[in-house]
Amino acid sequence: VATLAGIEPRARLTDDDLGTTAGLELTRFAQRGAELFAVITNRQFRQGGVGEILDEKTSNTFECDRVVTVSFPAGQAYTYNARTGKYLGLCDCVIQTVPRLSPLILARLPYRVAGLDVTLPKAAKLGEKVGVQVELHFEPRAEARGRVDAALLPDHIIHVDVYQPDGVWCYWHSENVTARGGEAAFSFIPALNDPTGAWTISVRDSVTGITTQKTLRVTK
């Protein structure tokens, strides 16, 4: 009925290993020109019939990695594996692995994220506020003549992790910030009793998975 009505799915999912998508769920999220597709194994699969028997072969399909093909009838877009940060190319079809008990998240954008810049001071003192600036660089499609349409730019959620010199994760300094128009700002204050030395600031774009790190020298 959907085909006769001219309704096309935004994505088609096939399982290369099993020839079936049984037990796989595909969910789409969209914001302006960006789309996120999440594929996850649904282990609550049951066979219909008397007694609701779940044989061992069927049960085992949910306890392993599954290779899937995801195709996009709408056409090509810049595609990323958002969990691994791998750029998959300007394409309309990808073959990826859905990890055991973990989701596969694909990001589809009308532009390529060419870089992630982080600007912060080279050094700071304990008790001083440290400002961090984050900027995403966009590479538009050739036909866009070097410009990215602002109306297509979604908000990119930037995850910031702060680590002390001994590698301890400072969850109390770490947070998510929103990059609007490709820019975001973040700040934190090392406490007076925090250790001195080389602190690490790790910044990750949650949409594409692109990650970069910077070092901050903290002194008394």
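Okay, so the sequence shown: first residue is 996 according to my numbering, each after it adds one. We put the CB at the ideal spot given by N, CA and C, even for glycine. Since the model is a prediction, treat every value here as computed from it, not as a measurement.
Which residue from the options puts its Cα closest to that of residue i?
i: Ser1097; options: His1151, His1154, Val1172, Val1034; result: Val1034
i: Thr1210; options: Ser1201, Ser1197, Val1202; result: Ser1197
i: Lys1081; options: Pro1160, Arg1107, Val1125; result: Arg1107
i: Glu1003; options: Pro1068, Asn1188, Pro1160; result: Pro1068
i: Tyr1166; options: Ala1174, Ala1119, Arg1175, Thr1195; result: Thr1195
i: Thr1191; options: Gly1162, Thr1016, Arg1199, Arg1175; result: Gly1162
i: Ala1119; options: Asp1010, Leu1099, Val1213, Leu1019; result: Val1213
i: Val1065; options: Ala1025, Ala1109, Gln1208, Asp1011; result: Asp1011
i: Asp1189; options: Arg1023, Pro1105, Pro1160; result: Pro1160
i: Ser1169; options: Gly1176, Arg1199, Glu1178; result: Arg1199
i: Val1063; options: Val1093, Lys1215, Pro1105; result: Val1093
i: Arg1061; options: Ala1193, Thr1079, Leu1019; result: Leu1019
i: Ala1109; options: Gln1091, Asp1087, Arg1136; result: Arg1136
Which same chain residues, not among the five before or five after residue i, have their C-beta less than 8 angstroms away from its C-beta?
i: Trp1164; result: Asp1156, Val1157, Tyr1158
i: Arg1027; result: Ala1146, Leu1147, Leu1148, Pro1149
i: Ser1201; result: Ala1077, His1151, Ile1152, Ile1153, His1154, Asn1171
i: Pro1116; result: Val1125, Gly1126, Leu1211
i: Gly1176; result: Ala1145, Leu1148
i: Lys1215; result: Lys1120, Leu1121, Thr1191
Within the same chain, show all residues whose beta-carbon is closer than 7 angstroms to that of residue i, passing over the 5 residues directly before and after it, in chain order.
i: Cys1059; result: Arg1095
i: Leu1021; result: Ala1006, Leu1008, Phe1032, Val1034
i: Asp1144; result: none
i: Leu1083; result: Thr1074, Tyr1075, Asn1076, Val1089
List the endpoints of the continuous beta strand (DSSP E) containing residue i.
i: Tyr1158; result: 1151-1158
i: Gly1084; result: 1081-1086
i: Tyr1075; result: 1072-1076
i: Ala1193; result: 1192-1200
i: Pro1135; result: 1125-1135
i: Glu1003; result: Note, Glu1003: premise wrong, no beta strand (DSSP E); not H, not E.
i: Thr1016; result: Note, Thr1016: premise wrong, no beta strand (DSSP E); not H, not E.
i: Ile1184; result: Element bounds for Ile1184: n/a, residue is neither H nor E.
i: Glu1030; result: 1029-1036
i: Ala1118; result: 1118-1120
i: Ala1102; result: 1099-1104
i: Lys1215; result: That residue, Lys1215, is in no beta strand (DSSP E); it is neither H nor E in DSSP.
i: Asn1171; result: 1170-1174
i: Thr1203; result: Run containing Thr1203: none; DSSP gives neither H nor E here.
i: Thr1061; result: One detail in the question is off: residue 1061 reads as Arg in this sequence, not Thr. It spans 1061-1066 - the beta strand (DSSP E) in which Arg1061 sits, taken as one unbroken run.
Below 8 angstroms between beta carbons: does that hold for residue i and residue j?
i: Leu1101; j: Leu1131; result: no
i: Val1127; j: Ser1182; result: yes
i: Gly1204; j: Tyr1075; result: yes
i: Thr1184; j: Glu1134; result: The question names Thr, yet the displayed sequence has Ile at residue 1184. It is not a contact, given that the beta carbons lie outside the stated cut-off.
i: Leu1229; j: Leu1099; result: Missing from the structure shown is residue 1229; the chain here goes from 996 to 1215 and no further.
i: Ala1029; j: Arg1103; result: yes
i: Gly1113; j: Thr1036; result: Correcting the residue type first, residue 1113 is Val in the shown sequence and not Gly. Cβ distance not < 8 angstroms, so Val1113 and Thr1036 don't count as in contact.
i: Thr1173; j: Ala1179; result: yes
Tell me which residues share the same chain as residue i and place their Cβ nearer than 6 angstroms to its Cβ, disregarding the 5 neighbours each side in the sequence.
i: Leu1085; result: Gln1071, Tyr1073
So does residue i have its beta carbon nearer than 7 angstroms to some heavy atom of the ligand COA?
i: Ala1017; result: Of ligands this structure carries none, so the ligand COA is not represented either.
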